[in-house]
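Residue numbers for the sequence shown follow the UniProt record's numbering, so the first one is 1 and each next one is one higher. From the three backbone atoms N, C-alpha and C, an ideal C-beta is built for every residue, glycine too. Report on the structure given below.
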Amino acid sequence: MKRMSLRLKNKLVRTVSKLSLDERICPDSTGNFDLQNKKESEPEPTSVTDDEEEDEEEEPKKIWKVMITGGAGHLAICLVEKILEMAERDIAEGVKSDSEEHFERILPFFEHLDRVRKLEKTKKEDIISTRISDYLQIILIDLADPEEGSLNPFCAFAQGSFADENFMKPLLENVTTIFHLAAVGMTGRFARDRESCMQINSVGTMNLLSWARDKGVKQFIYTSSVGVVFGGEPLINFKESDRDHTENFFNFYCESKAHAENIVRQASYENMKTSVLRFSGIYGVGEKRVTERVINFMKTGWWIAVFKSNGVEAQTQLSSVDNCVQGLIKAELALRHKDSKNGQIYNIVDRNPVGTFSFWAPVDQALGFPKQKLTLPPIVLRVLARFVQSSSDFFGVEPFFTVFEVELLLVTTTFSTARAVRELGYDPYPSAIPAICRRYASSEASATFEQERAGRANNFLKKMALIVLVGHAVLYISYFFVCYILLAIYYIVHAIGYCLWASIQVFFAAIHFFWRCISTFFY
1 MKRMSLRLKN
11 KLVRTVSKLS
21 LDERICPDST
31 GNFDLQNKKE
41 SEPEPTSVTD
51 DEEEDEEEEP
61 KKIWKVMITG
71 GAGHLAICLV
81 EKILEMAERD
91 IAEGVKSDSE
101 EHFERILPFF
111 EHLDRVRKLE
121 KTKKEDIIST
131 RISDYLQIIL
141 IDLADPEEGS
151 LNPFCAFAQG
161 SFADENFMKP
171 LLENVTTIFH
181 LAAVGMTGRF
191 ARDRESCMQI
201 NSVGTMNLLS
211 WARDKGVKQF
221 IYTSSVGVVF
231 GGEPLINFKE
241 SDRDHTENFF
251 NFYCESKAHA
261 ENIVRQASYE
271 NMKTSVLRFS
281 GIYGVGEKRV
291 TERVINFMKT
301 GWWIAVFKSN
311 GVEAQTQLSS
321 VDNCVQGLIK
331 AELALRHKDS
341 KNGQIYNIVD
351 RNPVGTFSFW
361 APVDQALGFP
371 KQKLTLPPIV
381 LRVLARFVQS
391 SSDFFGVEPF
401 FTVFEVELLL
411 VTTTFSTARA
421 VRELGYDPYP
431 SAIPAICRRY
441 ASSEASATFE
451 QERAGRANNF
461 LKKMALIVLV
471 GHAVLYISYF
481 FVCYILLAIY
491 YIVHAIGYCL
501 WASIQVFFAA
511 IHFFWRCIST
521 FFY
C-alpha cells in the first residue's frame, strides 16, 4: 500500500475538522461509535502514483547559516539570543500537528485540562529544540575565550582570527549571513600600533569580504563607530550623508574603521549586499567595556565632579545593546529583499539625547551616592586625560581613560536615525538605565547592601572634603608660588636692566674717553 502524501493527508484532516464533533463521532443503534452517514461522507479511496507523490513532497528548507566575528563579546552573545528567538518563533508557527484543530474542539471534554495543555506545550518545545538545528546554524569566531556558560548549545565556537585565510575559508562554506563585529585597537596593545590596526581592521575586512563573496555569502553587516566622523568638534543631529569621515582621527582604531567602512560599502553588489552600522558607546546590562567599568568606578566613590563648559553639560546619544541588536537584525532582514538599498551607513543610537554625566546619575544614586557633585571646567579633565594617556604610552600600560573617551564626554555629539527608521524600520527601545539600576543596585538590596550604601555616602563626603581641602591647598600654594616667581622675575629683570644701563654708560664713557684722546693727539 502506497504511503499517503503529506499534502493529501493535510487535506483530509482539514475536511474532517470542518465537521462538528457530533458529526464526526456519534453512537449507532448498537451503541458503538462510528462516523455518522458513513456511506455518504466517506470519501472514495484516492490512488496516488509514485510520480504524484514525488511532486507533492515538500522541498527541504534551506538552512540559515550565520557567522559572527567577535563572537565571544557581549554584543555577539545578545545577538545570538535574538537570532535563536526568531528561529524558535518561526519554527513554532510551523509546528502544528495534523489533528490540532480536532484537538482544539474536543479539548473541553477532557479532564485535567492544565495537564493536557502542559503536555502539549512540552511536546511543542521538544519539537522546536529538535528542529532548530535543521533550520539554523551559528558559528562564532573570536581570538578570546568565551565566558563560561555564555555559549548557547546551538552555536559552534571557533577560536582564531577572522584575518586568517586558512582558518576562515573552510568555515565560510554555505554561510548565508556574516555579522562582522570584531576589531582591534580600541584598547590593548594594538591601540598604539597603527600597522596592526590597519592590517587587521581594514585589510582583514577586505579579505573577509573577498572570501565571503567567493563562498556565496548573501548578506554582510559591518559594525563601526561614530569615532570615524568625530574629530573633536560638536556634531548636532549628524546625518550619515553629512560627511564620510573626519580628517582628524583620535586614534588608529577610528582611522582603520573609516577605511573599512569605505571598503565594505564599495564591496556591495547584487549577489552579496552589505550594510554599515555606526554605534556610539554601547552600554547595557552585562556589558563590560562601558557599563561595568563606569559602575566599578562609581563604587570607588571617586565620581565627585561633573564637567561643564560655561555651566552647560554636553549632550550625547549612546547605543544600548538592545538597540544594537535590533539594528543588526533589521539590517539583515532588509538586505534579503531584491529591491533593498545596500552599501548604506546607518546611525544606530538611542532615541533621545541625554547629558553625558546626568545620564549615569540614576545608577550612581541607586548605589547610594549623593546627587550633589562638584562642577569643574572641562580643561581640568582634558589636562588629566592628556597626562594619563601620555604616561600610559610611555610606560606601555593600559590607560584608565583615553583622550577620545574624554572628548566624547565634553563635546556634544547627537545623531539622526531618520535613515535607519525609513529604510530598516528601526524603532529605538527606551533607555536601558532602569534595567541597569535593577541589575546592579535594586537586585542587591539586603542588609549588607544597605550598609554598603551608607558607607559609600560617608566615603563620598570624606573624599569630597579631601578634594576641597587639597584644592584649596593647591590654590594657595600656586598663589604664593606664582607671587614668588613673579617677584623673582621682577628682581631678575630689574638687575638685568640695571646691568644693561651700566654697560651702556660704560660704553659711552669709553667712547668719550677715546674721543678726547684722539682730539688731544691731533690738536
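Taken through DSSP and simplified to helix, strand or coil, residue 311 comes out as coil.
Secondary structure within the stretch 297–376: the beta strand (DSSP E) runs of 3 or more consecutive residues, fully enclosed, are 305–307, 344–347, 374–376 (chain order). By the 16-neighbour rule on beta-carbons within 10 angstroms, residue 155 is buried. Considering only 195, 516, 313, 338, the residue with the shortest C-alpha distance to residue 273 is 338.
The stretch 177–187 makes no contact with the stretch 234–241: fewer than 3 CB pairs, one atom from each, lie closer than 8 Å.
Leaving aside the five residues that flank residue 141 on each side, the residues in its chain whose CB is nearer than 6 Å to its CB run, in chain order, 69, 71, 158, 162.
Annotated as proximal: residue 373 and residue 306, with beta-carbon spacing under 7 Å.
Annotation for residue 278: the continuous beta strand (DSSP E) segment containing it runs 273–279. Contact between the stretch 346–354 and the stretch 399–418 is present: three or more C-beta pairs spanning the two stretches fall below 8 Å.
Where residue 388 is concerned, the enclosing alpha helix (DSSP H) starts and stops at 378–395. Cβ-Cβ distances below 6 Å link residue 428 to 323, 350, 351 in the same chain, with the five nearest sequence neighbours on each side left out; the list follows chain order.
Listed as beta-bridge partners of residue 67 by DSSP are 139, 178.
In terms of Cα proximity to residue 130, the closest of 164, 139, 92 is 92.
For residue 415, no alpha helix (DSSP H) segment is defined; the enclosing uninterrupted segment is the beta strand (DSSP E) at 413–415. Per DSSP, the continuous beta strand (DSSP E) segment holding residue 222 begins and ends at 219–225.
Secondary structure of residue 508 (DSSP, three-state): helix. Note on residue 197: 16 or more other CB atoms within 10 angstroms of its CB, so buried under the neighbour-count rule.
Between residue 187 and residue 263, the gap from beta carbon to beta carbon reaches 7 Å or more. Each of 199, 169, 247, 246 was checked against the Cα of residue 215, and the nearest Cα belongs to 169.
If you look at residue 258, you'll find it in the alpha helix (DSSP H) that goes 252–266. In this chain, the beta strand (DSSP E) harbouring residue 157 covers 155–159. With a 10 Å radius around the Cβ and a threshold of 16 neighbouring Cβ atoms, residue 497 comes out exposed.
The three-state secondary structure of residue 466, taken from DSSP, is helix. Cα atoms of residue 150 and residue 475: separation of roughly 51 Å, rounded to the nearest angstrom. CA-to-CA, the gap between residue 394 and residue 286 works out to about 32 Å. Looking from the CA of residue 277, the closest CA among 328, 392, 243 belongs to 328. Separation of residue 67 and residue 177 (C-alpha to C-alpha, rounded to the nearest whole angstrom) is 6 Å. By alpha-carbon distance to residue 251, the top candidate from 173, 363, 193, 202 is 193. The three-state secondary structure of residue 424, taken from DSSP, is helix.
Around the beta carbon of residue 283, a 10 Å sphere encloses 16 or more other beta carbons of the protein chains shown; the residue is thus reported as buried. With fewer than 16 neighbouring CB atoms inside 10 Å of its own CB, residue 483 falls in the exposed class. The beta carbon of residue 82 is closer than 7 Å to those of 325, 329 in its chain, skipping five residues each way along the sequence. Contact between the stretch 243–261 and the stretch 298–305 is absent, with fewer than three C-beta pairs closer than 8 Å. In this structure, the beta-carbon distance from residue 319 to residue 256 does not fall below 7 Å. According to the DSSP assignment, residue 237 belongs to no alpha helix (DSSP H) but to the beta strand (DSSP E) extending over 235–238.
In terms of CA proximity to residue 260, 199 leads the group 364, 88, 190, 199.
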